[in-house]
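Going by the working numbering, 135 is the number at position 10 of the sequence shown; the sequence numbering is gapless. The beta-carbon is built from N, C-alpha and C at its ideal position, and this holds for glycine as well. Note that the structure is a prediction, hence the values are computed from the model and not measured. Read the structure below first, then the notes.
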Amino acid sequence: SEEGAKQRGRRVHALLEHLWDQPPASWRAFAPMILAAEGALTDAEFEDVFAEAAAVLSAPSMAAIFHPDALTEVSLTGHSAILQAQVMGQIDRLLVEPTRVLAVDFKSNAIVPKNSDAVPEGILRQMGAYAELLGAIYPDRRIDLAILWTNSAELMEVPHTRVMDALQRAANA
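Okay, here's the thing in structure tokens:
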């Protein structure tokens, strides 16, 4: 069900949010405490979400995303000139570097797009809003955007022009 998928995604997200800075040997012991806030789950459900989160956190390609210098759960609020509205969001991981800023959003979709051209419009619009707000905060840096697909432990960069085009489509809708 849609609600079941959302709950599963919240569970994976909670594990990624709280386990990344713990020693891998302690993940299994900490996980039940983290997941307790998300309601009861069966042993099979626990194993499913734990395995997915552990695979992401263990992937060598994710080391930069889960580096201690990366900011976690960054809240953004501001005026979107494109949408002519106040927008708010929460970026799962934010890496601020001298010449660029990388915003990463976790997605636990069952079906992972093959490439950035197949990313759903709603996600593109969300990332576009992040890009616009971050561009105002960091005008001297390149704003890069990526989706961490937890199902495949894959980080997919999404071109800035694609997300900004999607944000513009939202404004014209």
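Query - Cβ pair I190, L270 closer than 8 Å - result: no
Requested in this report: Quick one: which unbroken beta strand (DSSP E) runs of 3-plus residues sit fully inside the segment 163-232? Chain order, please.
Outcome: 196-205, 210-221, 225-232
Query raised in the report: In whole angstroms, what separates the C-alpha of V221 from that of S241?
Result: 22 Å
Query raised in the report: Around the C-beta of R133, are 16 or more other C-beta atoms found within 10 angstroms, so that it is buried, or is it exposed?
Result: buried
Query raised in the report: What are the complete alpha helix (DSSP H) segments, minimum 4 residues, inside the segment 244-280?
Result: Taken in chain order, the complete alpha helix (DSSP H) segments of 4 residues or longer contained in the segment 244-280 are 246-262.
Query raised in the report: Looking at C-alpha atoms only, which residue of R136, D194, L273 is the closest neighbour of I159?
Result: The shortest Cα separation from I159 among R136, D194, L273 belongs to R136.
Query raised in the report: Would G129 be called buried (16 or more neighbouring beta carbons within 10 Å of its own) or exposed?
Result: Flag for G129 reads exposed.
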